[in-house]
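Inspection log for the structure reproduced underneath, given as structure tokens.
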Amino acid sequence: MGQPNPVAVLDKAVAILRAVTDDPATLAELVTRTGLPRATAHRLATALEGHRLLRRTAGGAWAPGPALAELGRGGADLADLAGRHLPGLRDATGESAQFYVRDGSSRVCIAA
Numbered sequence: 002m003g004q005p006n007p008v009a010v011l012d013k014a015v016a017i018l019r020a021v022t023d024d025p026a027t028l029a030e031l032v033t034r035t036g037l038p039r040a041t042a043h044r045l046a047t048a049l050e051g052h053r054l055l056r057r058t059a060g061g062a063w064a065p066g067p068a069l070a071e072l073g074r075g076g077a078d079l080a081d082l083a084g085r086h087l088p089g090l091r092d093a094t095g096e097s098a099q100f101y102v103r104d105g106s107s108r109v110c111i112a113a
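Under the numbering used here, the first residue of the sequence shown carries the number 2, and numbering increases by one thereafter.
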């Protein structure tokens with residue numbers, strides 16, 4: 002038997018994270034929301050919990066974990082950094098200045 006496709010594993014892990022974004026989910030709900038086999042959903046949810054990307058609620062359901070917020074805050078540093086330099090760029094060029102990040106096939110302005 003060959004090695005599992007690492008990209009497919011990542012896709013499945015992201016599916017689990019997205020499945021608990023709005024509401025915590027039990028294992029049965031994870032299976033329903035993601036379409037993953039029960040054993041796969043459990044294995045990945047447990048691994049994500051170990052990395053603090055998921056946490057357990059008092060009722061035992063999985064919910065977004067504290068590491069997700071920590072990762073999200075890391076992205077805010079880029080906006081702060083760009084924001085400190087944009088006024089100087091604007092003043093030096095006489096043009097408006099914005100900083101965009103890619104979001105799929107779109108862009109999102111994170112500093113202006």
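For each residue, glycine too, the CB sits at the ideal point set by N, CA and C.
Small disclaimer: the values here were computed from a predicted structure and weren't measured.
Check	Outcome
Of the listed residues L37, R57, H52, nearest to A26 (C-alpha basis)	R57
Residue range of the beta strand (DSSP E) that includes R57	55-57
Per-residue burial, L45 [other beta carbons within 10 Å of its own, 16 or more giving buried]	buried
C-beta atoms of R91 and Y101 nearer than 8 Å	no
Exposure label - V8; buried when at least 16 CB within 10 Å	exposed
For R74: DSSP bridge partner residues	DSSP, once it has assigned bridges, lists no residue as partnering R74.
Cβ neighbour criterion (16 or more within 10 Å) applied to G66	buried
Under the three-state DSSP convention, the category P88 falls into	helix
Residue environment, L55, which counts as buried when at least 16 other CB atoms sit within 10 Å	buried
Burial state of T94 (16 or more Cβ within 10 Å)	exposed
Inter-residue spacing [alpha-carbon to alpha-carbon] between A14 and E96	43 Å
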